[in-house]
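Quick note on numbering: the sequence shown equals residues 2 to 156 in my numbering.
Where a beta carbon is used, it is the ideal one built from N, C-alpha and C, also for glycine.
Have a look at the structure below before the remarks.
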Amino acid sequence: MKGNNGHKILFALLMGTVYTLFGLIQLITGSSRSLGISAPETLSRFITDVLFIPPDAIGGFVLVLVGSVFIYGFAELHSGKNEGIAYVYVGILLSLIFAGIYILAAFGNVLEFYLLRNEAFADWSILDDLRPEIYLGAVSLIAYLQWKDHFDIEN
2 MKGNNGHKIL FALLMGTVYT LFGLIQLITG SSRSLGISAP ETLSRFITDV
52 LFIPPDAIGG FVLVLVGSVF IYGFAELHSG KNEGIAYVYV GILLSLIFAG
102 IYILAAFGNV LEFYLLRNEA FADWSILDDL RPEIYLGAVS LIAYLQWKDH
152 FDIEN
């Protein structure tokens, strides 16, 4: 690993890979559902119930975007360019922003379920709103809290 950015290089690679992979899965399942193409039931259940990846094409684009920012940061850092750290920081920021958006949407559904007692939410669970943007955002939050004192112009 290069210098004192070794952990950040590894983090960028892992997050970029996971974000891009989950984004492509979400994009493919969302697009295929829109086109009326269905996956085998066991595969569909694994994707949505185990990995919590809903079929959402737009959400998939968001994940691929964040993943590409992390991967570009990894490539820059791995080639020895310290400017790549900015991409890692922007990836963390984007990750936190989109996690916040989906947490607010989930909170709206919590209010709908508990306060309004809407019949459309009768079988709703908080796990229905758990998405990769949220749990990957939690990983980015941990990284931010770990490195928040290292955000400066020289680093």
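| Span of the alpha helix (DSSP H) holding LEU25? | As a position in the sequence shown, residue 25 is number 24, starting the count at 1. Residue range 7–35 is occupied by the alpha helix (DSSP H) that includes LEU25.
| Alpha-carbon spacing of LEU128 relative to ALA58, whole angstroms | Here the question's residue 128 lines up with position 127 in the sequence shown. Here the question's residue 58 lines up with position 57 in the sequence shown. A straight line joining the alpha-carbon of LEU128 with that of ALA58 spans about 20 Å.
| query | Are at least three pairs of beta-carbons, each pair with one atom in the stretch 136–145 and one in the stretch 85–101, less than 8 Å apart? | reply | Verdict: yes, contact present.
| Does the stretch 66–79 come close enough to the stretch 12–27 that 3 or more CB-CB pairs lie under 8 Å? | These segments touch.
| field | Cutoff 6 Å; reference VAL91; Cβ partners in own chain excluding five residues on either side | value | Here the question's residue 91 lines up with position 90 in the sequence shown. If we look at VAL91 and ignore the five residues flanking it on each side, its Cβ neighbours are VAL70.
| Using a threshold of 7 Å, is the CB atom of LEU117 nearer than that to any non-hydrogen atom of the ligand FMN? | The ligand FMN is not part of this structure, which contains no ligands at all.
| query | Who are the near neighbours of VAL51 in its chain, counting only those whose CB is closer than 8 Å to its CB and skipping five residues on each side? | reply | Locating residue 51 in the sequence shown gives position 50, counting from the first residue. Correct list: empty, nothing qualifies.
| task | Starting from SER141, trace the alpha helix (DSSP H) both ways and give me its first and last residue. | result | Locating residue 141 in the sequence shown gives position 140, where the first residue counts as 1. Its alpha helix (DSSP H) spans residues 133–148.
| Beta-carbon proximity of VAL89 to LYS149, cut-off 8 Å | The residue you call residue 89 lines up with position 88 of the sequence shown. The residue you call residue 149 lines up with position 148 of the sequence shown. VAL89 places its beta carbon 8 Å or farther from that of LYS149.
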